[in-house]
Each structure stands twice: as C-alpha cells, then as structure tokens.
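Numbering-wise, the numbering used here comes out as the position in the sequence shown, counting from 1, plus 44.
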Amino acid sequence: MGIIRRTFYTGVLTGAGVLAYLGTTTTLTSPLSSDDPIWRSRPYAKYNVHQNASMHDVVTKRIPLDKIKPELLQKEGGLVLELCRGVWGGIGYRPQLGYLARKYQGPATSSQLWTPKQLNTSTYEPGTQLSDHFEVVDKTPTEITVRCGDSPRNRGPRDSDGLFVIQAEVDAKRGEVILGLKSCFFNSATKIEGIQGPVPYWIELPHRWYSRLLLAAASWRLTN
Numbered sequence: 045m046g047i048i049r050r051t052f053y054t055g056v057l058t059g060a061g062v063l064a065y066l067g068t069t070t071t072l073t074s075p076l077s078s079d080d081p082i083w084r085s086r087p088y089a090k091y092n093v094h095q096n097a098s099m100h101d102v103v104t105k106r107i108p109l110d111k112i113k114p115e116l117l118q119k120e121g122g123l124v125l126e127l128c129r130g131v132w133g134g135i136g137y138r139p140q141l142g143y144l145a146r147k148y149q150g151p152a153t154s155s156q157l158w159t160p161k162q163l164n165t166s167t168y169e170p171g172t173q174l175s176d177h178f179e180v181v182d183k184t185p186t187e188i189t190v191r192c193g194d195s196p197r198n199r200g201p202r203d204s205d206g207l208f209v210i211q212a213e214v215d216a217k218r219g220e221v222i223l224g225l226k227s228c229f230f231n232s233a234t235k236i237e238g239i240q241g242p243v244p245y246w247i248e249l250p251h252r253w254y255s256r257l258l259l260a261a262a263s264w265r266l267t268n
C-alpha cells in the first residue's frame, strides 16, 4: 500500500506541476474578439456555411527573439512551419496519434501522415492529411490552418467540424516571437439556432489545457 500511495501522490504532484507550468508559460484568451481575423478568413466562410455559433479560443506564448533558432527566421514561413511540425510531431500529440493509429491507420488512409518522422518533416501544404482527423486547408507565411472534427475523407458538412490555426510571427518592437494555437469548433451540417456553441463545458476545459500542452511542447523545437 505504501508503494501505491507514493505512486499516487507522485502522479498528483507531477500533474499539478505540469498544469502550473502550462498556466504560467501560456496565455488563454476565450472567447475570441469580434474582430478576430478568423471570422473573415476563407476557411471559416467555406466550412461554417450556416454561420452557426461556435466554441472558440486561442492559446498564445511569447518567446524572446534571441532564443529562437536563427535559421527559422531566415526563410519566409520557416517559423510557423517548424511550429506546425512541433504541434503534430511533438510529444504533446503523441498519445492521441497512437489512439488514432490503432483505430484508423490502414490501406484506406495510407496516403496520410502517421509516423513521427512524417509529421516532423512534412511541409504541410494545403491538402495534407494527418492521422485521419486533420487536413491542412490554408497556409500563409504566418499561419497554417487545419480542418478538424472528423475524418478528412468526409469532404462535406459535418455535425462536428472546426478549424485549428497555428500561428507564428515576429513582434520586432518587443523583440519577441508570438506563437498561437487558435481553435474554432462548430456544426457545419445544419443550421442551429441560438448562440450556444456545440461543445459542452466539461469538454471545453480539458480541450483548453490540451491546447496549452500542444503549443508549449511545440515551442521547444524553436529555441536554441
């Protein structure tokens, strides 16, 4: 019983430490402001055709510019690409990747990205599909937008739909890099009346901590 008790308390303390780290090194903004660029974006207009209410938030992290690997700043789009690789190829996504691989990896999804090596080296061009749950739908020098919520093999409207926007840009005035992981989830299948988003609160809370974890873990590969 002593070993079990020590293991339990170690797990609790470790979990508390992780949450404390994520809470102090990342910033959550929810809901998004009414003038957020996502509302005017092409992917949002294309997929939320009914303009249904959504659950939306953004996690951000700032890193001093002098701590960023210089080569990532030399090529346009290099910073956000490396961050995107870190989100999907990093340790934060690894448990979900393993779960999705056990369920969906096979001949029908063989053209998608599944291995850490593939996820860590892809250029994430529009049309790239990964782990039968995400598809890149837009890419700019500072943002990579990924559709989520269902299999990318389901090309049409979905009861569960959404967008992740992975962001990285330089704030030269403050000498920092701003990293972001923006989420927006909605029902794209039918018109839903009201202002309530599709995600219950008991899912919202773990989602937001998961977003913090994904961004924090991905940011490690950008620094010296």
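We put the CB at the ideal spot given by N, CA and C, even for glycine. Predicted model, so just to flag it, every value in this text is computed and none were measured.
With a beta-carbon spacing of about 28 angstroms, Leu-257 and Gly-150 fall beyond the 8 angstroms limit used to define contacts. If you draw a straight line from the Cα of Glu-248 to the Cα of Ala-152, it comes to about 31 angstroms. In this structure, DSSP gives Leu-72 an extended state, which the three-state scheme calls strand. Contact holds between the segment 250 to 266 and the segment 222 to 238, because three or more Cβ pairs, one in each stretch, are under 8 angstroms apart. CA-to-CA, the gap between Leu-63 and Lys-183 works out to about 31 angstroms. By alpha-carbon distance to Leu-109, the top candidate from Asn-231, Gln-118, Phe-178 and Arg-86 is Gln-118.
Cα atoms of Pro-160 and Asp-176: separation of roughly 15 angstroms, rounded to the nearest angstrom. A distance below 6 angstroms between beta-carbons, with the five flanking residues on each side excluded, links Leu-163 to the following residues of its chain, in chain order: Trp-132, Gly-133 and Leu-157. The three-state secondary structure of Ser-227, taken from DSSP, is strand.
Judged by DSSP secondary structure, Lys-183 falls within the beta strand (DSSP E) whose first and last residues are 178 to 183. Residue nearest to Glu-220 within the set Gly-67, Ser-74 and Pro-114 is Pro-114 (criterion: CA-CA distance).
When the five nearest sequence neighbours on each side are left out, the beta carbons in the same chain lying within less than 6 angstroms of the beta carbon of Glu-179 are those of Gln-173, Arg-191 and Pro-196, in order along the chain. Annotation for Arg-256: the continuous alpha helix (DSSP H) segment containing it runs 245 to 263. Scanning its chain for C-beta atoms nearer than 6 angstroms, with the 5 sequence neighbours on each side dropped, one finds around Tyr-148 the residues Asp-176, in chain order.
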